[in-house]
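Q: This is the structure, below, for whatever I ask next.
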Amino acid sequence: MAIKYELIKECKQSGARLGRIHTPHGTIETPIFMPVGTQATVKTMSPEELKEMGAQIILGNTYHLFLRPGHEIVEEAGGLHSFMNWDRAILTDSGGFQVFSLSQLRQITEEGVTFRSHLSGEKLFLSPEKAIQIQNALGADIIMAFDECPPYPADKEYVAASTERTYRWLKRCQAAHQRKEDQALFGIVQGGMHRDLRERSAKQLVDLDLPGYAIGGLSVGESKALMYEVLSYTTPLLPKHKPRYLMGVGSPDALIQGVIYGIDMFDCVLPTRIARNGTTMTSQGRLVVRNAKFARDFTPLDPACDCYTCRNYSRAYLRHLIKAEETFGIRLTSYHNLYFLLNLMKQIREAIMEDRLLDFRDQFFLQYYGSLTTETTF
Ligand SMILES: [Zn+2]
Numbered sequence: 332m333a334i335k336y337e338l339i340k341e342c343k344q345s346g347a348r349l350g351r352i353h354t355p356h357g358t359i360e361t362p363i364f365m366p367v368g369t370q371a372t373v374k375t376m377s378p379e380e381l382k383e384m385g386a387q388i389i390l391g392n393t394y395h396l397f398l399r400p401g402h403e404i405v406e407e408a409g410g411l412h413s414f415m416n417w418d419r420a421i422l423t424d425s426g427g428f429q430v431f432s433l434s435q436l437r438q439i440t441e442e443g444v445t446f447r448s449h450l451s452g453e454k455l456f457l458s459p460e461k462a463i464q465i466q467n468a469l470g471a472d473i474i475m476a477f478d479e480c481p482p483y484p485a486d487k488e489y490v491a492a493s494t495e496r497t498y499r500w501l502k503r504c505q506a507a508h509q510r511k512e513d514q515a516l517f518g519i520v521q522g523g524m525h526r527d528l529r530e531r532s533a534k535q536l537v538d539l540d541l542p543g544y545a546i547g548g549l550s551v552g553e554s555k556a557l558m559y560e561v562l563s564y565t566t567p568l569l570p571k572h573k574p575r576y577l578m579g580v581g582s583p584d585a586l587i588q589g590v591i592y593g594i595d596m597f598d599c600v601l602p603t604r605i606a607r608n609g610t611t612m613t614s615q616g617r618l619v620v621r622n623a624k625f626a627r628d629f630t631p632l633d634p635a636c637d638c639y640t641c642r643n644y645s646r647a648y649l650r651h652l653i654k655a656e657e658t659f660g661i662r663l664t665s666y667h668n669l670y671f672l673l674n675l676m677k678q679i680r681e682a683i684m685e686d687r688l689l690d691f692r693d694q695f696f697l698q699y700y701g702s703l704t705t706e707t708t709f
């Protein structure tokens, strides 16, 4: 087995899980947030900085690396770890999500998806076999099955047919997988917002005894209440001794709630995407540092934060750099936002260890959102 999940304990107050995932590139403490390195880099961050802020695993995007530079080049470099000089764990997605969200003129058949590159317009084809072949070449520790993430809202009939096809694709992914000894293939539970479809999908996947399970098709425009409802009946169907990954979720409230619903792994582009226009996450809530009111504010971005940015630079300086479109400003806000989420997960792990995650949630929500409940949509 490429990876092994070790359940350390469950929080007596919330039921949340504290664990470890042992991978060929080190051990990951869970629950964990995974920074996204779309094009073989977490935008503007060096591997040394990522390690310094405590990142234990990062994500790479198969779709982007397939298009550019091409998986053959990454393989020739010795795989993604060596290509990007990252010796800790990596997870690659299957490319499915980007094919459906970024590319044009896609056409789905039983065989796979034909689409046009969003870069060159070239006509390309991805199938379960191809997605696994690319991920085998990239060499990440955890790889994902090729699935369709159905749009929201969608007809139940469409979601049902799509979920069945995703299951057939998963079996083809399993058959195509050439590196089972050092790459763990995760399946993705789909089924939209329908309980019966989620239950059927989860059961089919669990019967295949995979190394780990992801929950896909959430955070796609539904309300947070609906997402939590789906999680509340989906996660209990997944085996206790395998890791569970909620895809594309990274707002602080959803991370905490997701952990309470039994999730171990999360990824999201949110911290680096919002950092680029000067939006930051602080212990007192969201702060848009490019706002005029910070022009003469020489205090740290977040006085409660001990990251490199907050230890050394002021809000006034960050505002100036962001407004002047200086790369260094984006680096500093990205660093802080990633540190903030990694540190939040660390605090969550400590709270699980001490059986007080619900108390931690209430305290965090009051301080960050000013209320015990958070906004209702993504
Ligand atoms: Zn900071």
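Residue 332 is where the sequence shown starts when you use this note's numbering, and the numbers rise one by one after that.
No residue lacks a Cβ here, since even glycine has one placed at the ideal position from N, Cα and C.
Is Ile339 near His353, with beta carbons less than 8 Å apart?
A: Working through the sequence shown from its first residue, we reach residue 339 at position 8. Working through the sequence shown from its first residue, we reach residue 353 at position 22. No, these two residues do not count as a Cβ contact at 8 Å.
Q: Under the rule that 16 or more other beta-carbon atoms within 10 Å means buried, what is Lys382, buried or exposed?
A: Residue numbering aside, residue 382 sits at position 51 when the sequence shown is read from its first letter. By the 10 Å Cβ count, Lys382 comes out exposed.
Q: Quick one: give me the first and last residue of the alpha helix (DSSP H) that Met684 is part of.
A: Taking the first residue of the sequence shown as 1, we reach residue 684 at position 353. Unbroken alpha helix (DSSP H) run through Met684: 658 to 684.
Q: Any heavy atom of ligand 1 closer than 7 Å to the Cβ of Thr375?
A: To locate residue 375, count along the sequence shown from 1; it is residue 44. The answer is no for Thr375.
Q: Taking contact to mean 3 or more Cβ pairs, one atom from each stretch, closer than 8 Å, check whether the segment 552 to 569 and the segment 582 to 598 are in contact.
A: Yes, the segment 552 to 569 is in contact with the segment 582 to 598.
Q: Which residues in the same chain have their Cβ closer than 7 Å to the Cβ of Ala471, if we skip the five residues on either side of it in sequence?
A: Taking the sequence shown and counting its residues from 1, the one referred to as residue 471 is at position 140. Gly391, Leu411, Ile421, Leu422, Thr423, Gln514.
Q: Which residue spans inside the segment 401 to 465 form an unbroken alpha helix (DSSP H) run of at least 4?
A: Counting whole runs of 4 or more residues, the segment 401 to 465 contains the alpha helix (DSSP H) stretches 402 to 407, 411 to 414, 427 to 432.
Q: Would you check if the distance between the CB atom of Tyr666 and the CB atom of Thr640 is smaller than 8 Å?
A: Along the sequence shown, read from residue 1 onward, the residue named residue 666 stands at position 335. Along the sequence shown, read from residue 1 onward, the residue named residue 640 stands at position 309. In contact: Tyr666 and Thr640 (Cβ atoms closer than 8 Å).
Q: Using a threshold of 7 Å, is the CB atom of Leu632 nearer than that to any non-hydrogen atom of ligand 1?
A: As a position in the sequence shown, residue 632 is number 301, starting the count at 1. Indeed, a heavy atom of ligand 1 lies less than 7 Å from the Cβ.
Q: For Asp633, count neighbouring C-beta atoms within 10 Å of its own C-beta (all shown protein chains included) and say buried if the count is 16 or more, exposed if not.
A: Within the sequence shown, residue 633 is the residue found at index 302, counting from 1. Looking at its Cβ environment, which holds 16 or more other Cβ atoms inside 10 Å, Asp633 is buried.
Q: If I'm right that Gly589 touches Val600 with Cβ under 8 Å, what's the distance once you round it to whole angstroms?
A: Your numbering for residue 589 matches position 258 in the sequence shown. Your numbering for residue 600 matches position 269 in the sequence shown. About 16 Å separates the two Cβ atoms, so there is no contact after all.
Q: Given that a residue counts as buried once 16 or more other Cβ atoms are within 10 Å of its Cβ, and exposed if not, what is His402?
A: On the sequence shown, residue 402 is found 71 positions in, with the first residue counted as 1. With 16 or more Cβ atoms within 10 Å of its Cβ, His402 is classed as buried.
Q: Leu568 and Arg575 - do their beta-carbons sit closer together than 8 Å?
A: Position 244 of the sequence shown holds residue 575. Position 237 of the sequence shown holds residue 568. Not a contact, by the Cβ cut-off of 8 Å.
Q: In this structure, does DSSP put Pro631 in helix, strand or coil?
A: Mapped onto the sequence shown, residue 631 falls at position 300. Three-state result, Pro631: strand.
Q: Ignore the nearest five residues each way along the sequence and tell me which others in Phe431's own chain have a CB closer than 7 Å to its CB.
A: Walking along the sequence shown from the start, residue 431 turns up at place 100. Closer than 7 Å at the Cβ level, and outside the excluded window around Phe431, lie Arg437, Glu479, Cys480.
Q: Using the C-alpha atoms, what's the distance from Cys636 back to Leu457?
A: Taking the first residue of the sequence shown as position 1, residue 457 is located at position 126. Taking the first residue of the sequence shown as position 1, residue 636 is located at position 305. About 43 Å.
Q: Is any non-hydrogen atom of ligand 1 found closer than 7 Å to the C-beta of Thr640, if you look at the structure I gave you?
A: Position 309 of the sequence shown, counted from the first residue, corresponds to residue 640. Under cutoff, so the answer is yes.
Q: Grab the span of the beta strand (DSSP E) containing Gly391 for me, first residue to last.
A: Here residue 391 is taken as the residue at index 60 of the sequence shown, counted from 1. Note, Gly391: beta strand (DSSP E), 388 to 391.
Q: Of all the options Met332, Cys342, Tyr336, which has the alpha carbon lying nearest to the alpha carbon of Glu685?
A: Mapped onto the sequence shown, residue 685 falls at position 354. Of the candidates Met332, Cys342, Tyr336, the one whose C-alpha sits nearest the C-alpha of Glu685 is Cys342.
Q: So what's Ser614 in DSSP terms, helix, strand or just coil?
A: The sequence position of residue 614 within the sequence shown is 283, counting from 1. Here Ser614 sits in coil by DSSP.
Q: What do you reckon, are the CB atoms on Met384 and Leu669 nearer than 8 Å?
A: Here residue 384 refers to the residue found at position 53 of the sequence shown. Here residue 669 refers to the residue found at position 338 of the sequence shown. Contact: yes.
Q: Within 10 angstroms of its Cβ, does Gln615 collect 16 or more other Cβ (buried), or is it exposed?
A: Taking the sequence shown and counting its residues from 1, the one referred to as residue 615 is at position 284. By the neighbour-count rule (16 or more Cβ atoms within 10 Å), Gln615 is not buried but exposed.
Q: I'd like to know whether the C-beta atoms of Arg642 and Leu349 end up nearer to each other than 8 Å.
A: Position 311 of the sequence shown, counting from 1, holds the residue named residue 642. Position 18 of the sequence shown, counting from 1, holds the residue named residue 349. Cβ atoms of Arg642 and Leu349: not closer than 8 Å.
Q: Can you look up Asp584 in the DSSP assignment and give me helix, strand or coil?
A: As a position in the sequence shown, residue 584 is number 253, starting the count at 1. Reduced to three states, the DSSP call for Asp584 is helix.
Q: Skipping 5 residues on each side, what residues in its chain have a beta carbon closer than 8 Å to that of Val537?
A: Taking the first residue of the sequence shown as 1, we reach residue 537 at position 206. Excluding sequence neighbours, Val537 sits near Tyr544, Leu568, Leu569, Pro570.
Q: Nearest CA to the CA of His395: which residue from Ile363, Arg531, Leu433, Thr658?
A: Numbered from 1 along the sequence shown, position 64 holds the residue referred to as residue 395. Selected option, being the one with the closest Cα: Leu433.
Q: Please determine, among Lys624, Lys461, Ile546, the residue with the shortest C-alpha to C-alpha distance to Thr565.
A: As a working note, residue 565 is residue 234 in the sequence shown. Closest option to Thr565, Cα to Cα, is Ile546.
Q: By how many angstroms is the C-alpha of Leu577 removed from the C-alpha of Ser701?
A: Here residue 701 refers to the residue found at position 370 of the sequence shown. Here residue 577 refers to the residue found at position 246 of the sequence shown. Correcting the residue type first, residue 701 is Gly in the shown sequence and not Ser. Gly701 and Leu577: Cα-Cα distance of roughly 26 Å.
Q: Determine the direct distance from the alpha carbon of Asn622 to that of Lys654, and round the result to whole angstroms.
A: On the sequence shown, residue 654 is found 323 positions in, with the first residue counted as 1. On the sequence shown, residue 622 is found 291 positions in, with the first residue counted as 1. Near 9 Å, if we compare the C-alpha coordinates of Asn622 and Lys654.
Q: Taking 7 Å as the limit between beta carbons, can you name the residues of its chain near Val561, skipping five residues before and five after?
A: Numbered from 1 along the sequence shown, position 230 holds the residue referred to as residue 561. Excluding residues within five positions, the ones whose Cβ falls inside 7 Å are Met524, Arg529, Leu549.
Q: What are the start and end residues of each continuous beta strand (DSSP E) run of 3 or more residues lying completely inside the segment 495 to 535, in chain order?
A: As far as the segment 495 to 535 is concerned, its whole beta strand (DSSP E) runs of at least 3 residues are 515 to 520.
Q: Does Thr369 come out as helix, strand or coil in the three-state DSSP assignment?
A: On the sequence shown, residue 369 is found 38 positions in, with the first residue counted as 1. In the structure shown, Thr369 sits in coil (DSSP, three-state: anything other than H, G, I, E or B).
Q: Could you compute how far the alpha carbon of Arg607 sits from the alpha carbon of Ile474?
A: In the sequence shown, residue 607 corresponds to position 276, counting from 1. In the sequence shown, residue 474 corresponds to position 143, counting from 1. Their Cα atoms are separated by approximately 28 Å.
Q: Please report the distance separating the alpha-carbon of Lys440 from that of Phe428.
A: Position 109 of the sequence shown holds residue 440. Position 97 of the sequence shown holds residue 428. Here the sequence assigns Thr to residue 440, which means Lys is not the residue at that position. If I take the Cα positions, the gap works out to 16 Å.
Q: Kindly identify the DSSP beta-bridge partner or partners of Ile473.
A: The residue given as residue 473 occupies position 142 in the sequence shown. The partner list for Ile473 (beta bridge, DSSP) reads Leu422, Ala515.
Q: So, Leu689 versus Gln344, is the Cβ gap smaller than 8 Å?
A: Position 358 of the sequence shown, counted from the start, is the residue given in the question as residue 689. Position 13 of the sequence shown, counted from the start, is the residue given in the question as residue 344. In contact: Leu689 and Gln344 (Cβ atoms closer than 8 Å).
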